[in-house]
DNA sequence: TTTTCACTTGACATAGTGTAAAGTCTGCTC
DNA sequence: GAGCAGACTTTACACTATGTCAAGTGAAAA
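Following this line, the structure appears as C-alpha cells:
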C-alpha cells in the first residue's frame, strides 16, 4: 500500500471531502465515495484499509488544503490576551463551516471506531492548545477573571467552542456564521475577561 | 400490543436503564437487554416495535422514576432571576448524571433514527424551556446583561448546558459533578448577569 | 513477450436490527 | 376436563454496510 497511483488516492480524498460536505457528514458510504471518485468500491480499500482510516486521511488532507497555520497567524500575533481571544474565536468560527462535513463524519464514527476516536481526540487537543494559549495570554496580562484558574478556564473555553455547540447554535438556533462569531466573542469576553480597575 | 403482561414490559424498561447506566449508553444490544430482563430477544419486540421505540419509552420511564417536576420546584420558586438561574443549573447538574446512560444511547441513535431524533429534540426543547424561564426572569429583573436579547441568551445558555458539554467537562476534563455545577454557575452568571449600578 | 501494477468483478464473512411462522406452556372458561 | 387464548420461545431468514478474498483484465514497462 505504498506504490499505488497517487492520483487515484487524491481523487478519493477529494471525492470524500465533496460528498461529506454535500451530505453534512451523514449517510456517505464507501460505495458512494468510490462511485464519486470513478472507481470500484474495492479499489478504495487498495488505498485506505478502512473507513476510519479514510476519514482520518481526509481530515489531514483538508487541513493541508485549508492551511490552518496561515489562518491562525493573526491570533498568534495579537498584542494582548483580550485581542488574542477575540482573534482565535474569529479564526475558529470561520474555520468550522469549512470542515463541518468531515468533522461530523468523524464525530459519528468515533462512537464505534477507536481509530476515529483517536483522530478526533488528536484534532480536538490541537484546538484546545489554541484555547489554552488565549487563556494564558489573558492570565499573563492579569486580565483573566479571578473566578478562574487557567486550567479550568481552558476547559470551559474549549468546551464552549466545540463543533457540537457550533452545530446546535447554527442548525437548531439559526445563528449565522457572523452571529456565531460575534456572540461567542461577547460570551467569552464576559465569561473570562476582567479588566483591572 | 396493548394487552401484554405489564410486568414484563416494566422488567424490560428496568433492564434497559440498568444496562445503559452500566455501559454508559454504548454497546447495549437488544439481545443484551432481553437477557438482562430474563426473556428472549424476540419477546422484546412483542412490547416495543424497535430499538428506538424502546429507548424513547425508557426516557419516559426514567423521567417518571426520577420525578423531574419535584426536582425543578426549587428553581421555579426562586425570588430573583439570578437565584433562578443558579437553582436551575444546580438542578440540571444533579440530573444529568442520573440520565446520562439513557441520554447517550438516544444521542447515538438519533443520528440514524428519526424517531430517536424526534424524542431527543422533544426532551431538549423541554430543557430549553427552563433556560428560557431563567433568562426571562433575569430580563424581568433588569439584570440580563445588555449584550443579550432574551432569545439569543436562551440559545447560548441552552447550548452551554447540553449533555455533550457535561460529558466533555466531566469525562475529558475530569470535572466532578460538584465542580461542574459551581463552575457553570460562575460561567453563566458572568456571561448573562449584569447587576444594575 | 512476459511481467507487473492498478484496478475490476463477484463471492463471501460478519454484526446487529427487524420480520415471520410454528411450537410450548399456563391459566381460564364452559 | 376439553379447549381456547395470550405470552413467550425457537428457529430461520431478510437487510445494510463494512471489510476480506481470489481470480481476472488491460496497459505499460522490461
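Protein chains in written order, with the working numbering: chain A, 1075 to 1271; chain B, 1075 to 1271. Heads up, the beta-carbon is just placed ideally off N, CA and C, and yes, glycines get one too.
May I ask you to list, following chain order, the residues of the segment 1242–1260 of chain B that have a beta carbon less than 9 Å from some beta carbon of chain A?
Listed in sequence order: 1242, 1243, 1246, 1247, 1248, 1249, 1253, 1257, 1258, 1260.
Could you tell me which residues DSSP pairs with residue 1267/B in its beta bridges?
What you label residue 1267/B is simply residue 193 of the second chain in a count that begins at 1. Answer by DSSP bridge pairing, in chain order: 1218/B.
Identify which residue in 1156/A, 1169/A, 1231/A has its Cα closest to the Cα of residue 1269/A.
As a first step, residue 1269/A is located in the first chain; it is residue number 195 there, counting from the start. Of the listed residues, the one whose Cα sits closest to residue 1269/A is 1156/A.
Below 8 Å on the Cβ atoms is my contact criterion, and I expect residue 1183/B with residue 1129/B to pass it. Report the Cβ-Cβ distance as a whole number of Å.
Along the second chain, one-based indexing puts residue 1183/B at 109. Along the second chain, one-based indexing puts residue 1129/B at 55. Confirmed, about 6 Å.
Using DSSP with H/G/I as helix, E/B as strand and the rest coil, what is residue 1248/B?
As a working note, residue 1248/B is residue 174 in the second chain. Residue state, collapsed to three classes: coil.
Express the C-alpha separation of residue 1191/A and residue 1147/A in angstroms, rounding to a whole number.
Locating residue 1147/A in the first chain gives position 73, where the first residue counts as 1. Locating residue 1191/A in the first chain gives position 117, where the first residue counts as 1. Going by the C-alpha atoms only, they are around 28 Å apart.
Quick check on residue 1146/A - is its C-beta less than 8 Å from some C-beta in chain B?
Looking up residue 1146/A in the first chain gives position 72. Cβ-Cβ to chain B under 8 Å: no for residue 1146/A.
If we count the other Cβ atoms within 10 Å of its Cβ and call it buried at 16 or more, is residue 1241/A buried or exposed?
Taking the first chain and counting its residues from 1, the one referred to as residue 1241/A is at position 167. When all chains shown are included, residue 1241/A counts as buried.
Looking at the C-beta of residue 1098/B, does it have a partner C-beta in chain A at a distance below 8 Å?
Stepping through the second chain from its first residue, residue 1098/B is reached at position 24. No, residue 1098/B lies away from the interface with chain A (no Cβ there is under 8 Å from its Cβ).
Taking C-alpha atoms, which residue in 1215/B, 1124/B, 1092/B lies nearest to residue 1188/B?
Locating residue 1188/B in the second chain gives position 114, where the first residue counts as 1. Of the candidates 1215/B, 1124/B, 1092/B, the one whose C-alpha sits nearest the C-alpha of residue 1188/B is 1124/B.
Have a look at residue 1081/B and residue 1149/B and give me their C-alpha separation to the nearest angstrom.
For the purposes of this step, residue 1081/B is taken as residue 7 along the second chain, with counting starting at 1. For the purposes of this step, residue 1149/B is taken as residue 75 along the second chain, with counting starting at 1. Cα-Cα distance, rounded: 35 Å.
Is residue 1185/A helix, strand or coil by DSSP?
Position 111 of the first chain holds residue 1185/A. Looking at residue 1185/A - three-state DSSP - the assignment turns out to be coil, as it is neither helix nor strand.
Give every residue of the same chain whose Cβ lies closer than 6 Å to the Cβ of residue 1257/A, excluding the five residues on either side of it in the sequence, and list them in chain order.
One-based indexing of the first chain puts residue 1257/A at position 183. For residue 1257/A, where only same-chain residues beyond five positions count, there are no Cβ hits under 6 Å.
Chain B beta carbons: is any one of them nearer than 8 Å to that of residue 1149/A?
Within the first chain, the letter at position 75 stands for residue 1149/A. Answer no: the Cβ-Cβ gap between residue 1149/A and chain B never drops below 8 Å.
Leaving out five residues on either side along the sequence, give the residues of the same chain with a beta carbon under 7 Å from the beta carbon of residue 1179/B.
Within the second chain, the letter at position 105 stands for residue 1179/B. So the qualifying residues of the chain are 1094, 1099, 1102, 1129.
Please determine, among 1225/A, 1217/A, 1195/A, 1181/A, the residue with the shortest C-alpha to C-alpha distance to residue 1205/A.
Your numbering for residue 1205/A matches position 131 in the first chain. The option with the nearest alpha carbon to residue 1205/A is 1225/A.
Taking CB distances under 8 Å as the criterion, tell me whether residue 1083/B reaches chain A.
Sequence index remark: in the second chain, residue 1083/B carries index 9 (1-based). Residue 1083/B does not count as touching chain A.
Consult DSSP for residue 1300/B and reduce its assignment to one of helix, strand or coil.
With chain B running from 1075 to 1271 in the structure shown, residue 1300/B is simply not present.
If we count Cβ pairs, one from each stretch, closer than 8 Å, do we get three or more for the segment 1246–1265 of chain A versus the segment 1242–1256 of chain B?
Contact between the segment 1246–1265 of chain A and the segment 1242–1256 of chain B is absent, because fewer than three Cβ pairs lie under 8 Å.
What's the gap between the Cα of residue 1163/A and the Cα of residue 1126/A?
On the first chain, position 89 is the one that residue 1163/A refers to. On the first chain, position 52 is the one that residue 1126/A refers to. In a straight line, the C-alpha of residue 1163/A is about 29 Å away from that of residue 1126/A.
In three-state DSSP terms, what is residue 1231/B?
Counting from 1 along the second chain, the entry for residue 1231/B is found at position 157. Residue state, collapsed to three classes: helix.
Return the CA-CA distance between residue 1117/B and residue 1097/B, expressed in angstroms with no decimal places.
Taking the second chain and counting its residues from 1, one reaches residue 1117/B at position 43. Taking the second chain and counting its residues from 1, one reaches residue 1097/B at position 23. So the alpha carbons of these two residues sit roughly 22 Å apart.
Please list, in chain order, the chain A residues whose beta carbon lies closer than 8 Å to that of residue 1233/B.
By 1-based counting over the second chain, the position of residue 1233/B is 159. By Cβ distance, chain A contributes 1239, 1242, 1243, 1247.
So is residue 1153/B buried or exposed if we call it buried at 16+ other beta carbons inside 10 Å?
One-based indexing of the second chain puts residue 1153/B at position 79. Exposed, by the Cβ-count rule.
Is residue 1140/A buried or exposed, if buried means 16 or more other CB atoms sit within 10 Å of its CB?
As a position in the first chain, residue 1140/A is number 66, starting the count at 1. The residue is exposed, with fewer than 16 neighbouring Cβ atoms inside 10 Å.
Starting from the Cα of residue 1209/A, find the closest Cα among 1170/A, 1079/A, 1230/A, 1105/A and give me that residue.
What you label residue 1209/A is simply residue 135 of the first chain in a count that begins at 1. Of the listed residues, the one whose Cα sits closest to residue 1209/A is 1230/A.
Quick one: measure Cβ to Cβ for residue 1173/B and residue 1136/B, integer angstroms, because I've assumed they're closer than 8 Å.
In the second chain, counting from the first residue as 1, residue 1173/B sits at position 99. In the second chain, counting from the first residue as 1, residue 1136/B sits at position 62. Yes, residue 1173/B and residue 1136/B are in contact; Cβ-Cβ is about 6 Å, under 8 Å.
Cα-Cα, which of 1239/B, 1113/B, 1253/B is closest to residue 1079/B?
Position 5 of the second chain, counted from the start, is the residue given in the question as residue 1079/B. When each option's Cα is compared against that of residue 1079/B, the closest is 1113/B.
Does the CB of residue 1217/A have a neighbour CB from chain B at under 8 Å?
Here residue 1217/A refers to the residue found at position 143 of the first chain. Not one chain B Cβ lies under 8 Å of residue 1217/A.
Report the residues of the segment 1169–1201 of chain A with a CB closer than 7 Å to any CB of chain B, ordered along the chain.
Correct list: 1182, 1185.
Output the boundary residues of the alpha helix (DSSP H) element that contains residue 1137/B.
As a position in the second chain, residue 1137/B is number 63, starting the count at 1. Where residue 1137/B is concerned, the enclosing alpha helix (DSSP H) stretches over 1125–1140.
In angstroms with no decimal places, state the Cα-to-Cα distance between residue 1145/A and residue 1134/A.
What you label residue 1145/A is simply residue 71 of the first chain in a count that begins at 1. What you label residue 1134/A is simply residue 60 of the first chain in a count that begins at 1. Taking the straight line from one Cα to the other gives about 16 Å.
Rounding to the nearest angstrom, what Cα-Cα distance links residue 1076/A and residue 1196/A in this structure?
Your numbering for residue 1076/A matches position 2 in the first chain. Your numbering for residue 1196/A matches position 122 in the first chain. At residue 1076/A, the pLDDT of 41 sits below 50, so the modelled position is not reliable and the matter cannot be decided from this model.
With distances taken from CA atoms, which of 1122/A, 1120/A, 1218/A, 1092/A is nearest residue 1110/A?
Reading the first chain from its first residue, position 36 is the one you call residue 1110/A. It is 1092/A.
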